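Q: For reference, the structure I am asking about is given below.
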Amino acid sequence: MRRRAARIRFRAMTLLEVVIAVSLIAVLMGALFTFYWQSLEVRNQVARIADRTEIARQVLGRLAAELRGCVGKESFGFPLEQRLVGDRRSITFLTTTLPEEHQYQFYSEFDQLPPGQHDLRELKYELWIDPNKKTEDNEPVVGGIVRTEKRTLNQSLIDETDPLQIRHDLWSHELGYLEFRYFDGAAWRWTWELTQGNPLPHLIQITVGFDSITQAELDGKDQDTYPIELFPLGDDLPHPDRYAMIVRIPAADQFFSNTLQRVGQDMGEQFGVEEAY
925 MRRRAARIRF
935 RAMTLLEVVI
945 AVSLIAVLMG
955 ALFTFYWQSL
965 EVRNQVARIA
975 DRTEIARQVL
985 GRLAAELRGC
995 VGKESFGFPL
1005 EQRLVGDRRS
1015 ITFLTTTLPE
1025 EHQYQFYSEF
1035 DQLPPGQHDL
1045 RELKYELWID
1055 PNKKTEDNEP
1065 VVGGIVRTEK
1075 RTLNQSLIDE
1085 TDPLQIRHDL
1095 WSHELGYLEF
1105 RYFDGAAWRW
1115 TWELTQGNPL
1125 PHLIQITVGF
1135 DSITQAELDG
1145 KDQDTYPIEL
1155 FPLGDDLPHP
1165 DRYAMIVRIP
1175 AADQFFSNTL
1185 QRVGQDMGEQ
1195 FGVEEAY
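As structure tokens, then:
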């Protein structure tokens, strides 16, 4: 007796099952691509924050190192226009520097020696703000931090085209905010300028930011909502784009004589007296 060949029947998929299967595949692929897209976005944000942190760290570190080299002597043996003068958006000071590499070279008696260089440098930091242009929102156009270095001191004639005498550098055009605050041993201040005694504050806080400064901040209107007396408690506003560092000045007067001078200046301004010490 001949066995009947077994028949295998394959059941076809209905249209509804095909639609459900395609929908599930689309959902899974969408979730997979969303995961990779979010991972890429997080990676880009982390890289952007890391780049910004590195730029701010380098700028703050360089500025802090030069501020720590400030000279607090009352006289230098030759006339100086200023020693450490600063406001909220700029600072000018004298600092000491190490000899450069070419100054360690040995010369014979027949060689022509290079001109001597002073061991003091006059430095100035400020924001570069276009005086002629505004943004569409009528805000200032900021191009970064400008560092001005004057290497030749105690000379009546200065050639501004000579880079060995005056040098202008644009630091990090990405930065659009700069602020200085000065601590005299008793209180924080927006400005600093002493004409007698040790001219250095005890602490200087430097703040840099990547979002451009606004016209209200440039005009000091933010001091109404966040006066200097409340510092350093903060204004309770998040500033994720800003980075700050407090620098201690080693050459500042440890007997707080500059505090007495500041108090005397404040009393003189209050009572209309030019000097009161």
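If you're matching positions, the sequence shown starts at 925 in the working numbering and goes up one per residue. We put the beta carbon where it would ideally sit given N, CA and C, even for glycine. Just so we're clear, the structure is a prediction, and the values are computed from it rather than from any experiment.
Taking a contact to mean a Cβ-Cβ separation below 8 Å, would you say Trp1114 touches Pro1125 in this structure?
A: Cβ distance not < 8 Å, so Trp1114 and Pro1125 don't count as in contact.
Q: Return the CA-CA distance between Pro1003 and Gly1109, expressed in angstroms with no decimal places.
A: Since pLDDT at Pro1003 reaches only 49, below the 50 mark, its modelled position is unreliable, and the value read off the structure follows with that caveat. Cα-Cα distance, rounded: 28 Å.
Q: Taking a contact to mean a Cβ-Cβ separation below 8 Å, would you say Arg1013 touches Glu1098 in this structure?
A: For Arg1013 and Glu1098, no; Cβs fall outside 8 Å.
Q: Just the Cα atoms here: how many angstroms apart are Gln969 and Pro1164?
A: Cα to Cα, the separation comes out at about 13 Å.
Q: Take Tyr1205 and list the residues in its own chain whose beta-carbon comes closer than 7 Å to its own, dropping the five residues that flank it on each side.
A: The structure shown has nothing for residue 1205, since the chain only spans 925 to 1201.
Q: Val966 to Leu1161, Cα distance in whole Å?
A: Approximately 24 Å between the Cα atoms of the pair.
Q: Could you tell me if Val951 is buried or exposed, where buried requires 16 or more neighbouring beta carbons within 10 angstroms of its beta carbon?
A: Per the 10 Å Cβ criterion, exposed.
Q: Output the distance between the C-alpha atoms of Ile991 and Ile1137, rounded to the nearest integer angstrom.
A: With the sequence shown as reference, residue 991 is identified as Leu, and Ile is not the correct amino acid for it. Roughly 23 Å separates the two Cα atoms.
Q: Going by C-alpha distance, which of Arg1045, Val1066, Asp1054 and Phe1034 is nearest Thr1019?
A: Of the listed residues, the one whose Cα sits closest to Thr1019 is Arg1045.
Q: Measuring CB to CB, does Gly996 end up less than 8 Å from Ala1176?
A: Yes; because the gap between Cβ atoms is below 8 Å, this pair is in contact.
Q: Please state whether DSSP places Val1070 in a helix, a strand or coil.
A: Strand, per DSSP.
Q: Label Trp1095 either buried or exposed according to how many other C-beta atoms from any shown protein chain fall within 10 Å of its C-beta, with 16 as the threshold for buried.
A: Result: buried.
Q: What are the start and end residues of each continuous alpha helix (DSSP H) run of 4 or more residues lying completely inside the segment 1082-1150, in chain order?
A: Taking only runs of at least 4 residues, the alpha helix (DSSP H) segments lying wholly in the segment 1082-1150 are 1139-1142.
Q: Nearest-angstrom Cα distance between Ala945 and Asn1062?
A: Approximately 56 Å, taken between the alpha carbons.
Q: Buried or exposed for Ile1173, please, with buried defined as at least 16 other CB atoms from any protein chain shown within 10 angstroms of its CB.
A: The residue is buried, with at least 16 neighbouring Cβ atoms inside 10 Å.
Q: Out of curiosity, what's the CA-to-CA distance linking Tyr1101 and Glu1141?
A: Those two C-alpha atoms are separated by around 10 Å.
Q: Can you find the residues in the same chain that come closer than 8 Å, C-beta to C-beta, to Ala988, ignoring five residues on each side of it along the sequence?
A: Cβ within range, chain order: Ile1130, Met1169 and Val1171.
Q: Output the distance between the C-alpha atoms of Gly1010 and Trp1112, rounded to the nearest integer angstrom.
A: C-alpha separation (whole angstroms): 13 Å.
Q: Report all residues from its chain with a CB closer than 6 Å to the CB of Val943; omit the five preceding and five following residues, and keep chain order.
A: Counting only Cβ-Cβ distances below 6 Å, and skipping sequence neighbours, we find nothing.
Q: Can you tell me which of the three DSSP states Asn968 falls into?
A: DSSP places Asn968 in helix when its eight states are reduced to three.
Q: Look at the alpha carbon of Leu1051 and the alpha carbon of Phe957, and state the distance between them as a whole number of angstroms.
A: Using only the alpha carbons, I get a separation of about 43 Å.
Q: Which of the three DSSP states, helix, strand or coil, is assigned to Leu1037?
A: In this structure, Leu1037 counts as coil in the three-state DSSP scheme.
Q: At the level of alpha carbons, what is the spacing between Pro1064 and Asp1054?
A: Cα to Cα, the separation comes out at about 7 Å.
Q: Where does the unbroken beta strand (DSSP E) through Met1169 begin, and where does it stop?
A: Note, Met1169: beta strand (DSSP E), Arg1166 to Arg1172.
Q: Figure out for me which residue from Arg1071, Arg1075 and Tyr1106 has the closest Cα to the Cα of His1092.
A: Nearest of Arg1071, Arg1075 and Tyr1106 to His1092, Cα basis: Arg1071.
Q: What distance in whole Å lies between the Cβ atoms of Thr1021 and Asp1043, which are believed to be in contact at a cut-off of 8 Å?
A: That pair is a contact at about 6 Å.
Q: Please list the terminal residues of the continuous beta strand (DSSP E) segment that includes Leu1022.
A: Leu1022 -> no beta strand (DSSP E), and no H or E assigned at all.
Q: Taking 8 Å as the cut-off, decide whether the C-beta atoms of Arg981 and Phe1134 are in contact.
A: Cβ atoms of Arg981 and Phe1134: not closer than 8 Å.
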